[in-house]
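Residue numbers (our numbering): 9 to 118. Step one of this worksheet: look at the structure below.
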Amino acid sequence: MKNSFIKSEVSETVQNNNNENPVSPGPVYATLGSLPGEIFLQWDSVSNAGKYVIEMSRINSAKWHQLDIIKDPLYCITGLKPGYEYSFRVAAVYSEGMSEWSKEVNKKVK
Numbered sequence: 009m010k011n012s013f014i015k016s017e018v019s020e021t022v023q024n025n026n027n028e029n030p031v032s033p034g035p036v037y038a039t040l041g042s043l044p045g046e047i048f049l050q051w052d053s054v055s056n057a058g059k060y061v062i063e064m065s066r067i068n069s070a071k072w073h074q075l076d077i078i079k080d081p082l083y084c085i086t087g088l089k090p091g092y093e094y095s096f097r098v099a100a101v102y103s104e105g106m107s108e109w110s111k112e113v114n115k116k117v118k
C-alpha cells in the first residue's frame, strides 16, 4: 500500500509540471555499510527540493525499482545480495514537478 501511494503522489506532481525540469541531484555517492548487504547513498541537497525519489536496478537489467521517497539527501539500503552489483539514481521532487534523474552510480555489494 505504501508504494502505491508514493508512486501516485509523484505521478500527480509530474503531471502538474508546466515549467522546465528542475535541477537534478548530483553527484550521488554510494558507500558500503558495516553490515552485509548494506549500502548508503548520499548527495548534496538541491535548493527548493521538497523530496527525493530513489530507484535501484541490478547491473545489466533495464528494470528500475522505486525504493522510497524521502526528505533528506541520505539513504540506507539493506538486504542487498552480496556479490551483486547495483545501480542507483535519484530525482528531486519540487512543487512544480520532478527533475531528471541523477547520473547513475554503481556499487558492488560485499
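The beta carbon of each residue, even a glycine, is placed where N, CA and C say it ideally should be.
Check, Outcome
"Assigned exposure category for Y92 - 16 Cβ within 10 Å defines buried", "exposed"
"Buried versus exposed, by CB contacts within 10 Å (16 or more), A70", "exposed"
"Pick from S103, M106, F96 and Y102 that is closest to W51, judged by C-alpha positions", "F96"
"Cutoff 8 Å; reference N11; Cβ partners in own chain excluding five residues on either side", "Low per-residue confidence applies at N11: pLDDT is 39, beneath 50, and the placement is therefore not dependable enough to give any value."
"Proximity below 8 Å, CB of S65 to CB of Y94", "yes"
"Three-state class that DSSP yields for N56 in the structure shown", "coil"
"Start and end residues, beta strand (DSSP E) containing Y37", "Y37 to L40"
"Sequence-distant residues of its chain with Cβ nearer than 6 Å to W72 (five each side left out)", "E63 and S65"
"Paired residues, beta bridge with A70 - DSSP", "Paired residue(s): none; A70 is not in a bridge."
"Within 8 Å, strictly: CB atoms of A99 and E112", "no"
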